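Comments concern the structure below.
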Amino acid sequence: MGNAQRKPTQRIRLGDLLVEHKLISETQLAAALDEQKKSGRKLGRVLVESGYVNEDMLMNLLSTQLDLPYLDLTTYTFQPAVSQTMPETLARRYRVLVLEQTPKGYVVAMADPTNIFTYDEVVRVLKKPIDVVVVKESDLVLGIDKVYQRESDIKNLASELDEELSENVFDITTMEQSVGISEAPVVKLIQTLFEEAAKIHVSDIHIEPDEDVLRIRRRIDGVLHEQVMDEKRIATALVSRLKLMAGLDISEKRLPQDGRFNLKLKQKSIDVRLSTLPISTGEAVVMRLLDQQGLVLRLNNIGLTPVVQQRFRKAIHKPHGLLLVTGPTGSGKTSTLYAVLNELNAPEKKIITVEDPVEFQLPRINQVQVNSKIGLDFARVLRSSLRQDPDVILIGEIRDKETAEIALKAAITGHLVLSTLHTNDAAGAAMRLIDMGMESFMVSSALHAVLSQRLVRKVCDQCAEDYIPSALERSWLEQHGVLMETEVIGKKGKGCSACSFSGYQGRIAVHEFLQITGGLAETLRLGDYTRFIQQTHEDPAYESLLQRAVHLMQEGVTSLEEVVRIAGWVD
Numbered sequence: 001m002g003n004a005q006r007k008p009t010q011r012i013r014l015g016d017l018l019v020e021h022k023l024i025s026e027t028q029l030a031a032a033l034d035e036q037k038k039s040g041r042k043l044g045r046v047l048v049e050s051g052y053v054n055e056d057m058l059m060n061l062l063s064t065q066l067d068l069p070y071l072d073l074t075t076y077t078f079q080p081a082v083s084q085t086m087p088e089t090l091a092r093r094y095r096v097l098v099l100e101q102t103p104k105g106y107v108v109a110m111a112d113p114t115n116i117f118t119y120d121e122v123v124r125v126l127k128k129p130i131d132v133v134v135v136k137e138s139d140l141v142l143g144i145d146k147v148y149q150r151e152s153d154i155k156n157l158a159s160e161l162d163e164e165l166s167e168n169v170f171d172i173t174t175m176e177q178s179v180g181i182s183e184a185p186v187v188k189l190i191q192t193l194f195e196e197a198a199k200i201h202v203s204d205i206h207i208e209p210d211e212d213v214l215r216i217r218r219r220i221d222g223v224l225h226e227q228v229m230d231e232k233r234i235a236t237a238l239v240s241r242l243k244l245m246a247g248l249d250i251s252e253k254r255l256p257q258d259g260r261f262n263l264k265l266k267q268k269s270i271d272v273r274l275s276t277l278p279i280s281t282g283e284a285v286v287m288r289l290l291d292q293q294g295l296v297l298r299l300n301n302i303g304l305t306p307v308v309q310q311r312f313r314k315a316i317h318k319p320h321g322l323l324l325v326t327g328p329t330g331s332g333k334t335s336t337l338y339a340v341l342n343e344l345n346a347p348e349k350k351i352i353t354v355e356d357p358v359e360f361q362l363p364r365i366n367q368v369q370v371n372s373k374i375g376l377d378f379a380r381v382l383r384s385s386l387r388q389d390p391d392v393i394l395i396g397e398i399r400d401k402e403t404a405e406i407a408l409k410a411a412i413t414g415h416l417v418l419s420t421l422h423t424n425d426a427a428g429a430a431m432r433l434i435d436m437g438m439e440s441f442m443v444s445s446a447l448h449a450v451l452s453q454r455l456v457r458k459v460c461d462q463c464a465e466d467y468i469p470s471a472l473e474r475s476w477l478e479q480h481g482v483l484m485e486t487e488v489i490g491k492k493g494k495g496c497s498a499c500s501f502s503g504y505q506g507r508i509a510v511h512e513f514l515q516i517t518g519g520l521a522e523t524l525r526l527g528d529y530t531r532f533i534q535q536t537h538e539d540p541a542y543e544s545l546l547q548r549a550v551h552l553m554q555e556g557v558t559s560l561e562e563v564v565r566i567a568g569w570v571d
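Per the working numbering, the very first residue in the sequence shown carries number 1; after that it's consecutive.
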């Protein structure tokens, strides 16, 4: 960027320039100018959106004519602290983004470098000379979103609320009546948090009061990202408002509480599951965000390979038997089971679920929420469910011997039973049931199939590049049976604005499927567990979690880092 000049030295008429270079016709220019007058949008944007000119060609032309560098922001590593030198409102108004600080001033990205007024305003605000680089407006808007991520709004609202609390005791219970819900800073802060969460696909929001600060952490693609605020006093008001929204007792701060509420957000329905936990510095809150409209779970879109999908579909359409989905917390087990329910849901089938909690409401399915406080536990609901003439029963989780026993008996006596277990791999599910006190002959008779799964992060398509493993990594791969035929193995994201500089965007499930066939069932019935494990690996169609993760790495879908993480889970 060192070749950027201080200021455009000439005022360019963009339309005439494009016609001169025969990138558009006089007729197209006239039509675009008419549209510009009607809409008030910039001419360049109108030309691009009308399809008259390619945005890359437009930027390259401006760069050449103005002798300014053209920068691709999608692969640029931002410096948020430097960028936020320019207030967010001005960055959005003028379509500019501060990229770097130089010994003499700043490097600034502009979507319209011909606008002398914008240039002068930026210099006035920054109070230092600037070097201009040309960027696409669409990339610039995304860059602004990534750099600011509404942090300034959150901090300003937090400061405003902190000032109110310092002046007087904040009565959260009368806030709506006294100042109106739309004007209350705490409510605006909550709204901003949820709007930002929906925009960047947050799955969980953690609110944690510390000794001197308030930490707000957001989980994106399974990884927490932290924002620290000095206004610790707002924690009480924030937590109280959230507890009110979830219908919880705001006066009870000594015991954990669980609740839920629904948000209508930009034509989306977000179901929020809220859990509070008393800690030494206040109350910690964790909110799980579930997008009801986003739930289009089918067996063909949960990451199953064609072979596993075919075998799994055959297993779930059996009239009876136990089918388990295993994996740690947060591995997508519930999503897989909901995909199964969507596949089985039909007028001729009676389906009952016993869940804690009910995460999504499904039509035609009788869903029961467990409530241990009143004695409505898994075992009790299961006994009652069997008297409701069900064809399919879903048990949220088999947690104890009593629940396991009822599930196995139901599977043997003509019901299809679906449930989850916390085990490292598919073969471990049978062992887990036996460890819970179940007889091996019952497990071998009831258990028909096990699907074990994990979630791995996907390498960002925008910044993926070939990855050459180190000597230590190559040694690790060879130890795990991975043949190293080339120097490059898979991809790794270097970080860009599209993935918030994490190198990853989105997640995909990794599966291991085990079908309990006649030979396996007999070995299990005899209690020969060593032979049972050996037989699972002898199946030609069997692919372990680690093997599947390696294949995804070799295809460039995930990274070696994620494969190592899978190995740590399974070992």
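All C-beta atoms, glycine included, are put in the ideal place defined by N, C-alpha and C. Because the structure is a prediction, the values reported are computed rather than measured.
- [ ] Please report the residue range of the beta strand (DSSP E) in which His225 lies.
- [x] Per DSSP, His225 belongs to the beta strand (DSSP E) from 223-229.
TODO: Please report the residue range of the alpha helix (DSSP H) in which Pro80 lies.
DONE: Segment 80-83, the alpha helix (DSSP H) holding Pro80.
Task: Cβ contact check for the region 319-328 and the region 415-425: 3 or more pairs under 8 Å - done: As far as the Cβ criterion goes, the region 319-328 touches the region 415-425, which means the pair count is three or higher.
Task: Burial state of Phe532 (16 or more Cβ within 10 Å) - done: Phe532 sits buried, since 16 or more C-beta atoms from the chains shown fall within 10 Å of its C-beta.
Task: Spatially closest choice to Gly396 from Phe378, Thr75, Glu405, Leu408, by CA coordinates - done: Ranked by Cα distance from Gly396, the first of Phe378, Thr75, Glu405, Leu408 is Phe378.
TODO: Please name the residue in Phe513, Lys491, His511 whose C-alpha comes closest to that of Gly503.
DONE: Of the candidates Phe513, Lys491, His511, the one whose C-alpha sits nearest the C-alpha of Gly503 is Lys491.
Task: Rounded straight-line distance, which links the Cα of Ala32 to that of Arg565 - done: Separation of Arg565 and Ala32 (C-alpha to C-alpha, rounded to the nearest whole angstrom) is 53 Å.
Task: Simplified DSSP state of Lys333, which is helix, strand or coil - done: Taken through DSSP and simplified to helix, strand or coil, Lys333 comes out as helix.
Open item on the list: Can you look up Glu576 in the DSSP assignment and give me helix, strand or coil?
Closed with: Nothing about residue 576 can be reported from this structure: the residues present for the chain run from 1 to 571 only.
- [ ] Give a yes or no on whether the minimum CB-CB distance between Ile216 and chain D is below 8 Å.
- [x] Although the question refers to chain D, the structure presented lacks it and comprises just one protein chain.
Open item on the list: Let me check understanding here. Comparing Cα to Cα, which of Glu20, Val213, Leu552 lies closest to Thr281?
Closed with: Measuring from the Cα of Thr281, the nearest candidate turns out to be Val213.
TODO: Can you tell me which of the three DSSP states Val285 falls into?
DONE: Strand, per DSSP.
Open item on the list: Am I right that Leu140 and Leu90 are in contact with their C-beta atoms under 8 Å? What's the rounded C-beta distance?
Closed with: With a Cβ gap of about 13 Å, Leu140 and Leu90 do not count as contacting.
- [ ] Please state whether DSSP places Leu560 in a helix, a strand or coil.
- [x] Leu560 falls in the helix class under three-state DSSP.
- [ ] For Gln367, I'd like the list of residues in its chain whose CB is within less than 6 Å of its CB, leaving aside the five on either flank, ordered along the chain.
- [x] Beyond the five residues adjoining it in sequence on each side, Gln367 comes within less than 6 Å, by CB distance, of Thr353, Val358 in the same chain, given in chain order.
Task: Contact under 8 Å by Cβ, Leu29 with Leu61 - done: No; because the gap between Cβ atoms is not below 8 Å, this pair is not in contact.
- [ ] Identify the continuous alpha helix (DSSP H) that holds Lys199 and give its terminal residues.
- [x] Its alpha helix (DSSP H) spans residues 185-199.
Task: Local Cβ density within 10 Å of His537, reported as buried at 16 or more and exposed below that - done: Counting C-beta atoms within 10 angstroms of its own C-beta, His537 has fewer than 16 neighbours from the protein chains shown and is therefore classed as exposed.
TODO: Find out if the Cβ-Cβ distance for the pair Met86, Val98 is shorter than 8 Å.
DONE: In this structure, Met86 places its C-beta atom within 8 Å of the C-beta atom of Val98.
Open item on the list: Can you tell me which residues form a DSSP beta bridge with Leu514?
Closed with: In the DSSP output, where bridge partners are listed per residue, Leu514 has Val450.
- [ ] Less than 8 Å between the CB atoms is what I'm expecting for Leu304 and Asn342, so what's the real figure, rounded?
- [x] No, Leu304 and Asn342 are not in contact; Cβ-Cβ is about 14 Å, not under 8 Å.
Task: Terminal residues of the beta strand (DSSP E) in which Asp131 lies - done: Element bounds for Asp131: 130-134.
Open item on the list: With three or more C-beta pairs closer than 8 Å as the rule, is the region 330-339 touching the region 230-246?
Closed with: The way I'd put it, the region 230-246 doesn't touch the region 330-339; fewer than three beta-carbon pairs between them come closer than 8 Å.
Open item on the list: What does the Cβ neighbour count give for Val307, buried or exposed, with the cut at 16 atoms within 10 Å?
Closed with: Exposed: under 16 other Cβ atoms inside 10 Å.
Task: Start and end residues, beta strand (DSSP E) containing Gly428 - done: Gly428: not part of any beta strand (DSSP E); member of the alpha helix (DSSP H) spanning 427-435, first to last residue.
- [ ] State whether the region 197-208 contacts the region 269-288, with contact taken as three or more CB pairs (one from each stretch) at a distance under 8 Å.
- [x] Yes, the region 197-208 touches the region 269-288.
Open item on the list: For the region 109-125 against the region 48-55, do three or more pairs of beta-carbon atoms, one drawn from each stretch, fall closer than 8 Å, so that the two count as touching?
Closed with: With the rule of 3 Cβ pairs closer than 8 Å, the region 109-125 does not count as touching the region 48-55.
Task: Span separating the alpha-carbon of Gln515 from that of Ser452 - done: Straight through space, the alpha carbons of Ser452 and Gln515 are spaced by roughly 11 Å.
- [ ] Please determine if the region 461-471 and the region 493-503 are in contact, where contact requires at least 3 C-beta pairs separated by less than 8 Å.
- [x] Contact holds: three or more Cβ-Cβ distances are below 8 Å.
TODO: Using DSSP bridges, identify the partner residues of Phe573.
DONE: Within the shown structure, residues of the chain are numbered from 1 to 571, placing residue 573 beyond reach of any answer.
Task: Other residues of its chain near Phe261: CB distance less than 6 Å, five sequence neighbours each side excluded - done: Residues of the same chain with a CB within less than 6 Å of the CB of Phe261, apart from the 5 flanking positions on each side, are Met245, Ala246, Val272 in chain order.
Task: Test item: CB-CB of Leu322 and Ala407 under 8 Å - done: If you check the CB distance, Leu322 and Ala407 come in under 8 Å.
Task: Candidates Arg95, Ala81, Tyr94, Arg93, of which the one nearest Gln101 by Cα - done: Gln101 has its Cα closest to that of Ala81, out of Arg95, Ala81, Tyr94, Arg93.
TODO: Decide yes or no for the touch test of the region 443-457 against the region 309-317: beta carbon pairs closer than 8 Å, at least 3 of them.
DONE: Flag = yes, the region 443-457 and the region 309-317 touch.
Open item on the list: By DSSP's criteria, Asp391 is part of a beta bridge. Which residues make up the other side?
Closed with: Beta-bridge annotation (DSSP): Asp391 is not paired with any residue.
Open item on the list: What residue range does the alpha helix (DSSP H) around Gln462 cover?
Closed with: That residue, Gln462, is in no alpha helix (DSSP H); it is neither H nor E in DSSP.
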